[in-house]
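This report concerns only the one structure given below.
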Amino acid sequence: MSTVEQMNLIETPIKDQLLRVDEILNELCSSNGGIGNCRKIEILTGEELLVKYIPPKAVEKKIKIKFKYVENIWHITLEKE
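Using the numbering used here, the first residue of the sequence shown is number 230, and each one after it goes up by one.
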């Protein structure tokens, strides 16, 4: 069972969120398995823009995506295939 690392981007400006998401996607695709050697990362955000931005980037890199919306917060789970 893989561990899930949680990244809270709720208070982060949207520009920085986009940059961080790009870093996360690239790190997940790296040979060492990603951030802290996790294969699964959950991103917390209040920005719907990320819900539209992440899928095409993740598909290119063969990363699975799951979205959940709870109490005005998006939970975006990325998992390396």
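Cβ coordinates follow ideal geometry from the N, Cα and C atoms, glycine included.
| request: Assign VAL233 to one of three DSSP states: helix, strand, or coil. | output: strand
| task | For the alpha helix (DSSP H) holding LEU279, just list the boundary residues, first then last. | result | 277-289
| said: Could you pull the DSSP bridge partners for VAL299 from this structure? | reply: ILE302
| By DSSP, does LEU273 sit in helix, in strand, or in coil? | strand
| By how many angstroms is the C-alpha of LEU279 removed from the C-alpha of VAL292? | Per the sequence shown, the amino acid found at residue 292 is Ile instead of Val. Those two C-alpha atoms are separated by around 15 Å.
| Endpoints, the alpha helix (DSSP H) within which GLU310 is located | Unbroken run through GLU310: none, as it is neither H nor E.
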